[in-house]
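*Asks:* Got a structure here, written out as structure tokens. Questions coming.
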Ligand code: SF4
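Residue numbers (this note's numbering): 207 to 512.
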């Protein structure tokens, strides 16, 4: 039996940085700090940080005034900063922002497009904190979010109904590369106006209908590696948090290629019978999966292979 582990698997730099910020903040504050929302979408990482004294809250009201607070990697809407300010929790003082710079880049792209007259549409998950944060930069709750390539028909309807003269599509950083490509192809088939690619630098805002590739490179690397391994493997093990958007995309990519795929959170979920008669086992992991979890999964597969 051969085990093929994806070269790019597990923590991306944005997740590593967010964990570092949370750990250092708790250390500096004698083991006490609040994190608003899931810092990263991985249950094990969250539990480890809880042991170091970090309190995770889903509601800002649960954070007492003046308390040291860390914001997650996915980016926050401006309302979060405003509400924290009312609690005397401020940047440069007791607020530590772990927003990934690549998410901030998407916010800046969205704002610049909006300021140049574009109706900005997001390819993303409606309930994902990143899409919610980016939406706030544009039209808040009214931002149009397309969740899958089939939503192209609603994008075209939205543009026609409102008679938008300029429209731009951007993506959540962790969406599927092939899904985004398919969405644009579908929109272009259904619409009279052709959406053309605009460079991330937004150097030419004269074109009326554009899309910008805002899927981050670590997401792309994990998707490309997963695809490469899945093409060779008899079975794929995808490791990631249950709520991790980029991990779910890896599992979907592998299934798309008709490979028997198991999406797991830990080595304890692995079953011996999955590997019976299999020669090549592919292993990949989302950007919020710790290396130790990947090693445990590989060791368990090796144990079953004995
Ligand atoms: S997946 Fe991309 S955008 Fe998200 S934290 Fe990692 S590098 Fe940043």
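We put the beta carbon where it would ideally sit given N, CA and C, even for glycine.
Predicted model only: the values in this text are computed from it and were never measured.
#1: Can you tell me which of 353, 334 and 326 puts its alpha carbon nearest to the alpha carbon of residue 372?
#2: Per the DSSP calculation, residue 442 is bridged to which residue(s)?
#3: Rounded to a whole number of angstroms, what is the C-alpha to C-alpha distance between residue 493 and residue 293?
#4: Within the same chain, show all residues whose beta-carbon is closer than 7 Å to that of residue 396, passing over the 5 residues directly before and after it, in chain order.
#5: Beta-carbon within less than 7 Å of residue 432's beta-carbon, same chain only, minus the 5 sequence neighbours each way: which residues are those?
#6: Along the alpha helix (DSSP H) that carries residue 501, what are the first and last residues, could you check?
#7: With burial defined as no fewer than 16 other Cβ atoms inside 10 Å of the residue's Cβ, what is the status of residue 382: buried or exposed?
#8: Hey, would you say residue 488 sits closer than 8 Å to residue 443, going by beta carbons?
#9: Per the contact definition of three or more C-beta pairs closer than 8 Å, is the region 248 to 265 in contact with the region 494 to 504?
#10: Verify whether the separation of the beta carbon atoms of residue 278 and residue 330 is less than 8 Å.
#11: When you measure from the CB of residue 279 to every non-hydrogen atom of the ligand SF4, does any distance come out below 7 Å?
#12: Kindly indicate which three-state DSSP category residue 275 falls into: helix, strand or coil?
#13: Does at least one heavy atom of the ligand SF4 sit under 7 Å from the Cβ of residue 432?
#14: Counting beta carbon pairs with one atom in the region 301 to 317 and one in the region 261 to 280, are three or more of them shorter than 8 Å?
*Replies:* In short:
#1: 326
#2: 467 and 488
#3: 32 Å
#4: 358, 359 and 362
#5: 212, 456, 459, 460 and 490
#6: 497 to 511
#7: buried
#8: yes
#9: yes
#10: no
#11: yes
#12: strand
#13: no
#14: yes
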